[in-house]
């Protein structure tokens, strides 16, 4: 295994570890959440209609506050997170979701980063390959001998 | 002069030879294009995307049953109940005294109310994120006598998927939402949509 292959493998492994950690960190919703935590979790996935780029959980706008109250009221009434999300989607459209559901045209924003990263890695590998002979050329014993022979031929033509 | 020309020619030849012969200029151009293409695409995407108003979306509620409400009246006592208005065309206008376009559309609403109230059309102003006092001051100042309602906790606004004010919905006699517009409503839009809803009601 050459140094370059090893560094690629190490890099890939590092990516895998980070991705796994992110997956574990994001999937931590268990049944022991308080009402406020559940309101926050649902609100964090909804876009505030007033400020557009903050979530309902984070926005200081009055309407977002009232939406949190609405979420709380519906949770108290025994509705599930999915039902509450559907309530908002029915009224505001999928627009209200901060992450577009991954189907149809919505797959584009999901795929672009992955495609971009793969393209980047491919370009990078191709670039390194092309550069490789110049930077990491190790001269073997037989090549050494050949070079000396050629040089000798040059100095004494004929 | 001729010496000068010669020296520039030589310089160009030197440049084309490329000392290590590894990166011919055509390939370099291809690399530059490869780097620039995504940037240009991204800039175009932003240029078209950022120019659009994210609120100007077709309502999800067109053709759907209008969310029911029973709201306390602002301009008089009692409540106003959408259920009691079934069979009539109802124009629900979300508005606020603090927002200038709501002033701009006031005349259009007044004219539509004046023209269609005889035919059973109800214009209803629902106050959005406003105080009772400010709403009533607005009414005193600009006049008008169509009913106004308060919306505690904006529950009705949320049920109608309101982003901000003004937004106006036309509810058909069969209690479905026939049309919606964002921003100051015009008299033309109101007459078109009200006539359409009235015709649909007569057919049904």
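Protein chains in written order, with the working numbering: chain Z, 1 to 158; chain D, 1001 to 1204.
Just so you know, even glycine gets a beta-carbon here, dropped at the ideal spot from N, CA and C.
It should be emphasised that the depicted structure is a prediction, and the values quoted were computed from it without experimental measurement.
CB-CB length for residue 1149 of chain D against residue 1172 of chain D, believed under 8 Å: Within the second chain, the letter at position 149 stands for residue 1149 of chain D. Within the second chain, the letter at position 172 stands for residue 1172 of chain D. Residue 1149 of chain D to residue 1172 of chain D, Cβ: 20 Å. No contact.
Contacts of residue 160 of chain Z in chain D (Cβ-Cβ under 7 Å): For chain Z, the structure presents residues 1 to 158; residue 160 of chain Z sits outside this window and is missing.
Note down the Cα distance separating residue 54 of chain Z from residue 42 of chain Z, rounded to an integer number of angstroms. On the first chain, residue 54 of chain Z is found 54 positions in, with the first residue counted as 1. On the first chain, residue 42 of chain Z is found 42 positions in, with the first residue counted as 1. Answer to the nearest angstrom: the Cα atoms are 13 Å apart.
Give me the subset of the stretch 47 to 76 of chain Z whose CB atoms are less than 8 Å from a CB atom of chain D, sorted by chain position. 49, 50, 52, 62, 63, 66, 67, 69, 70
What's the gap between the Cα of residue 139 of chain Z and the Cα of residue 112 of chain Z? Along the first chain, one-based indexing puts residue 139 of chain Z at 139. Along the first chain, one-based indexing puts residue 112 of chain Z at 112. Between residue 139 of chain Z and residue 112 of chain Z, the C-alpha separation is close to 43 Å.
Buried versus exposed, by CB contacts within 10 Å (16 or more), residue 1002 of chain D: By 1-based counting over the second chain, the position of residue 1002 of chain D is 2. Note on residue 1002 of chain D: pLDDT 42, under 50, position unreliable in the model; the coordinate value appears next. Exposed, by the Cβ-count rule.
DSSP state of residue 142 of chain Z mapped onto helix, strand, coil: By one-based count along the first chain, residue 142 of chain Z stands at place 142. Note: residue 142 of chain Z maps to helix in three-state DSSP.
Rounded to a whole number of angstroms, what is the C-alpha to C-alpha distance between residue 1032 of chain D and residue 1039 of chain D? Stepping through the second chain from its first residue, residue 1032 of chain D is reached at position 32. Stepping through the second chain from its first residue, residue 1039 of chain D is reached at position 39. The alpha-carbon atoms of residue 1032 of chain D and residue 1039 of chain D are separated by roughly 11 Å.
Based on the DSSP output, what are the partners of residue 1167 of chain D in its beta bridges? Taking the second chain and counting its residues from 1, one reaches residue 1167 of chain D at position 167. For residue 1167 of chain D, which the question treats as bridged, DSSP gives the partners D:1094, D:1182.
Going along the chain, which residues of the stretch 1134 to 1161 of chain D sit with their C-beta nearer than 8 Å to a C-beta in chain Z? For the stretch 1134 to 1161 of chain D, residues whose beta-carbon sits nearer than 8 Å to a beta-carbon of chain Z comprise 1153, 1154, 1155, 1157, 1158, 1159, 1160, 1161.
Whole-angstrom distance between residue 94 of chain Z and residue 1112 of chain D, CA atom to CA atom: The count along the second chain starts at 1 and reaches residue 1112 of chain D at position 112. The count along the first chain starts at 1 and reaches residue 94 of chain Z at position 94. Their Cα atoms are separated by approximately 33 Å.
Can you give the Cα-Cα distance for residue 1079 of chain D and residue 1088 of chain D, rounded to whole angstroms? As a position in the second chain, residue 1079 of chain D is number 79, starting the count at 1. As a position in the second chain, residue 1088 of chain D is number 88, starting the count at 1. Distance between the alpha carbons of residue 1079 of chain D and residue 1088 of chain D: 17 Å.
I'd like to check one pair, residue 1093 of chain D with residue 1147 of chain D: are the Cβ atoms closer than 8 Å? Sequence index remark: in the second chain, residue 1147 of chain D carries index 147 (1-based). Sequence index remark: in the second chain, residue 1093 of chain D carries index 93 (1-based). No; because the gap between Cβ atoms is not below 8 Å, this pair is not in contact.
Quick check on residue 100 of chain Z: does DSSP put it in helix, strand or coil? For the purposes of this step, residue 100 of chain Z is identified with residue 100 of the first chain, where counting begins at 1. Coil, per DSSP.
Whole-angstrom distance between residue 89 of chain Z and residue 96 of chain Z, CA atom to CA atom: Position 96 of the first chain, counting from 1, holds the residue named residue 96 of chain Z. Position 89 of the first chain, counting from 1, holds the residue named residue 89 of chain Z. Those two C-alpha atoms are separated by around 6 Å.
Residue 1074 of chain D by DSSP, collapsed to three states: which one? Taking the first residue of the second chain as 1, we reach residue 1074 of chain D at position 74. Coil, per DSSP.
I need the DSSP call for residue 59 of chain Z, collapsed to helix, strand or coil. Here the question's residue 59 of chain Z lines up with position 59 in the first chain. In this structure, residue 59 of chain Z counts as coil in the three-state DSSP scheme.
Sheet register partners of residue 1213 of chain D (DSSP bridge): The displayed coordinates of chain D run from 1001 to 1204. Any statement about residue 1213 of chain D would go beyond what the structure contains.
Quick check on the burial criterion: 16 or more other C-beta atoms within 10 angstroms. Buried or exposed for residue 47 of chain Z? Counting from one through the first chain, the residue named residue 47 of chain Z turns up at place 47. Classification of residue 47 of chain Z: buried, given that the 10 Å Cβ count is 16 or more.
Residue 1176 of chain D and residue 1069 of chain D - do their beta-carbons sit closer together than 8 Å? For this step, residue 1069 of chain D is matched to residue 69 along the second chain. For this step, residue 1176 of chain D is matched to residue 176 along the second chain. With a cutoff of 8 Å on beta-carbon distance, residue 1069 of chain D and residue 1176 of chain D are scored as not near each other.
Quick one: grab the DSSP three-state call for residue 120 of chain Z. Position 120 of the first chain, counted from the start, is the residue given in the question as residue 120 of chain Z. Residue 120 of chain Z falls in the helix class under three-state DSSP.
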